[in-house]
Amino acid sequence: MMHGFIPPQRFFPYLTWTEIQGMKDKENVVIVQPVGAIEQHGPHLPIVVDSAISMGVLGKALGQLEPEIPAYALPCLYYGKSNEHWHFPGTITLNATTLLAVIMEVAASIYRSGFRKLVLMNSHGGQPQIMEIAARDIHQQYSDFCVFPLFTWRVPHIAKELLTPQELEYGIHAGDAETSILLSLLPDHVKMEKAVKEYPQGLPENSLLSMEGKLPFAWLTQELTQSGVMGDATTATQEKGDRLLASVAEGWVQVIRDIYQFRQPTFT
Numbered sequence: 001m002m003h004g005f006i007p008p009q010r011f012f013p014y015l016t017w018t019e020i021q022g023m024k025d026k027e028n029v030v031i032v033q034p035v036g037a038i039e040q041h042g043p044h045l046p047i048v049v050d051s052a053i054s055m056g057v058l059g060k061a062l063g064q065l066e067p068e069i070p071a072y073a074l075p076c077l078y079y080g081k082s083n084e085h086w087h088f089p090g091t092i093t094l095n096a097t098t099l100l101a102v103i104m105e106v107a108a109s110i111y112r113s114g115f116r117k118l119v120l121m122n123s124h125g126g127q128p129q130i131m132e133i134a135a136r137d138i139h140q141q142y143s144d145f146c147v148f149p150l151f152t153w154r155v156p157h158i159a160k161e162l163l164t165p166q167e168l169e170y171g172i173h174a175g176d177a178e179t180s181i182l183l184s185l186l187p188d189h190v191k192m193e194k195a196v197k198e199y200p201q202g203l204p205e206n207s208l209l210s211m212e213g214k215l216p217f218a219w220l221t222q223e224l225t226q227s228g229v230m231g232d233a234t235t236a237t238q239e240k241g242d243r244l245l246a247s248v249a250e251g252w253v254q255v256i257r258d259i260y261q262f263r264q265p266t267f268t
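As C-alpha cells, this is what we get:
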C-alpha cells in the first residue's frame with residue numbers, strides 16, 4: 001500500500017518507464033508533488049499532520065477527478081522547513097536551501113521525462129515562500145515548464161461555516177481544523193483526551209504588526225505557546241473533519257481541472 005490515500009492508478013511511482021515514455025499529450029499531464037512536514041502538533045496529534053493532509057486531500061481529489069484528465073501524484077516530500085518547531089522533540093527539519101534544492105532537482109527530473117505541468121502542493125504554513133521561489137526559478141530555467149506553488153488550504157472550502165472567528169484568525173497550528181481533519185483521515189492516531197485550547201500569547205495589541213498577515217514579525221513556536229498548539233483542539237470532531245476534507249478536496253478537483261486547461265501566457 002505504498003500509495004496510501006492516493007488511488008493506485010493515479011500514483012506516479014506505479015508507472016513503468018515505458019508507460020511514461022509513451023504517454024499521450026504529456027505536456028498537459030498534471031504532476032502533483034505533495035509537500036508536507038514532520039513536526040510537532042501538540043500532545044494530541046501525530047507529527048505527520050501536514051503530510052497526511054496533503055496526501056489525504058490529494059487522494060480524495062484524484063479519486064473524484066474525471067478519468068479523462070491525466071493527473072498523477074508523486075510521493076510526498078515528508079520533510080520540510082520546520083525550524084520554528086525545532087524546540088519540540090520529534091520535529092525533523094530541513095533548511096531552506098536544502099528543501100529548495102530538492103524541489104529544483106525533482107522538477108528537473110520531471111521536465112526531463114517530458115512533462116510540462118508541475119504542482120507544488122504544500123500543506124505546511126512555514127514554507128510557502130520556498131515553493132514560490134522554487135516555482136519562479138524552475139520556470140525561469142525552463143520557460144515551457146508551468147509550475148504552480150499552491151497552498152493546500154487556499155482553495156475554496158467551508159471552514160468559515162465550521163470554525164469560530166477566533167479560530168479562523170489564531171487557530172493556525174494543531175487547532176480545530178487540523179485536529180478535525182486528522183480525526184477524519186487518521187482517527188486511530190488522534191488522542192483527543194490530550195487535546196488542549198491554547199491561543200498565541202503576547203501578541204502586539206493596537207499595532208499594524210501581526211503574527212501572520214501583511215505586516216508579520218518573525219517568531220518561534222515556543223515563544224507563543226507552551227503546548228505547541230495554537231488554537232482550540234478541544235472542539236474538533238470527526239464529522240467536522242469529514243466536511244472539511246470533502247470541501248477542500250472538491251476545491252482541488254477544480255484546481256487540477258484548471259491546471260490541465262492552463263496555457264502559459266506569452267507576450268506576442
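Just so we're aligned: 192 in our numbering is position 192 of the sequence shown, and the numbers increase by one with no gaps anywhere. For each residue, glycine too, the CB sits at the ideal point set by N, CA and C.
Which residue or residues does DSSP assign as beta-bridge partners of LEU45?
-> Residue numbering aside, residue 45 sits at position 45 when the sequence shown is read from its first letter. Residue pairing by DSSP puts LEU45 in a beta bridge opposite HIS41.
Open item on the list: Quick check on the burial criterion: 16 or more other C-beta atoms within 10 angstroms. Buried or exposed for LYS117?
Closed with: Position 117 of the sequence shown, counted from the start, is the residue given in the question as residue 117. With 16 or more neighbouring CB atoms inside 10 Å of its own CB, LYS117 falls in the buried class.
Pop quiz: LEU182 and LEU45 are said to be a contact at Cβ under 8 Å. What is the actual Cβ separation, rounded to whole angstroms? Translated into the one-based positions of the sequence shown, residue 182 becomes position 182. Translated into the one-based positions of the sequence shown, residue 45 becomes position 45. The Cβ separation is near 6 Å, so the contact holds.
**Asked** Are the beta-carbon atoms of GLY80 and VAL30 separated by less than 8 Å?
**Response** Reading the sequence shown from its first residue, position 80 is the one you call residue 80. Reading the sequence shown from its first residue, position 30 is the one you call residue 30. GLY80 places its beta carbon 8 Å or farther from that of VAL30.
- Message: If distances are taken between C-alpha atoms only, which option among HIS124, GLU19, GLY251 comes closest to LEU94?
- Response: Here residue 94 refers to the residue found at position 94 of the sequence shown. The shortest C-alpha separation from LEU94 is found at HIS124.
**Report entry** Meets three-Cβ-pair contact criterion under 8 Å: the stretch 54-74 and the stretch 247-258
**Finding:** yes
| Short check: CB of HIS3 to CB of GLY228, under 8 Å? | Position 3 of the sequence shown, counted from the first residue, corresponds to residue 3. Position 228 of the sequence shown, counted from the first residue, corresponds to residue 228. No; because the gap between Cβ atoms is not below 8 Å, this pair is not in contact.
PHE145 to GLU161, Cα distance in whole Å?
Looking up residue 145 in the sequence shown gives position 145. Looking up residue 161 in the sequence shown gives position 161. C-alpha separation (whole angstroms): 37 Å.
Checklist entry - Would you say GLN33 and VAL119 are within 8 Å of each other, going by their C-beta atoms? => result Sequence index remark: in the sequence shown, residue 33 carries index 33 (1-based). Sequence index remark: in the sequence shown, residue 119 carries index 119 (1-based). Their beta carbons are under 8 Å apart, which means GLN33 touches VAL119 by this criterion.
- Message: Between which two residues does the alpha helix (DSSP H) holding VAL102 run?
- Response: Numbered from its first residue, the sequence shown carries residue 102 at position 102. From DSSP, the alpha helix (DSSP H) with VAL102 extends over 96-112.
- Between MET23 and the rest of its own chain, which residues show a CB-CB distance below 7 Å, the 5 nearest in sequence each way excluded? Counting from 1 along the sequence shown, the entry for residue 23 is found at position 23. Answer for MET23: VAL29, listed in chain order.
ALA71: which of PRO265, THR266, THR268, GLN261 sits nearest, CA to CA? On the sequence shown, residue 71 is found 71 positions in, with the first residue counted as 1. When only C-alpha atoms are compared, the closest one is GLN261.
Test item: CB-CB of MET230 and PRO265 under 8 Å:
Along the sequence shown, one-based indexing puts residue 230 at 230. Along the sequence shown, one-based indexing puts residue 265 at 265. Not a contact, by the Cβ cut-off of 8 Å.
Less than 8 Å between the C-beta atoms of HIS157 and SER247, yes or no? The sequence position of residue 157 within the sequence shown is 157, counting from 1. The sequence position of residue 247 within the sequence shown is 247, counting from 1. Yes. Within cutoff.
Buried versus exposed, by CB contacts within 10 Å (16 or more), LYS194: Taking the sequence shown and counting its residues from 1, the one referred to as residue 194 is at position 194. Under this definition LYS194 is an exposed residue.
With DSSP as the reference, label LYS194 as helix, strand or coil. Here residue 194 refers to the residue found at position 194 when the sequence shown is read from its first residue. Helix, per DSSP.
Would you kindly work out how many angstroms separate the C-alpha atoms of LYS197 and LEU100, rounded to a whole number? In the sequence shown, the residue the question calls residue 197 occupies position 197. In the sequence shown, the residue the question calls residue 100 occupies position 100. C-alpha separation (whole angstroms): 34 Å.
Output yes or no for whether 8 Å exceeds the beta carbon distance between TYR78 and SER51. If you number the sequence shown from 1, residue 78 lands on position 78. If you number the sequence shown from 1, residue 51 lands on position 51. The answer is yes: Cβ separation under 8 Å.
TODO: Would you check if the distance between the CB atom of VAL49 and the CB atom of VAL155 is smaller than 8 Å?
DONE: The residue you call residue 49 lines up with position 49 of the sequence shown. The residue you call residue 155 lines up with position 155 of the sequence shown. No; because the gap between Cβ atoms is not below 8 Å, this pair is not in contact.
Exercise. Quick one: Cα of GLU19 to Cα of LEU74, how far?
Worked result: If you number the sequence shown from 1, residue 19 lands on position 19. If you number the sequence shown from 1, residue 74 lands on position 74. When rounded, the distance between both Cα atoms is 16 Å.
**Q.** Supposed close pair ALA96, ILE130 - CB separation, criterion 8 Å
**A.** Residue 96 sits at position 96 when you count from the first residue of the sequence shown. Residue 130 sits at position 130 when you count from the first residue of the sequence shown. With 8 Å as the limit, ALA96 and ILE130 qualify as a contact, their Cβ atoms being about 6 Å apart.
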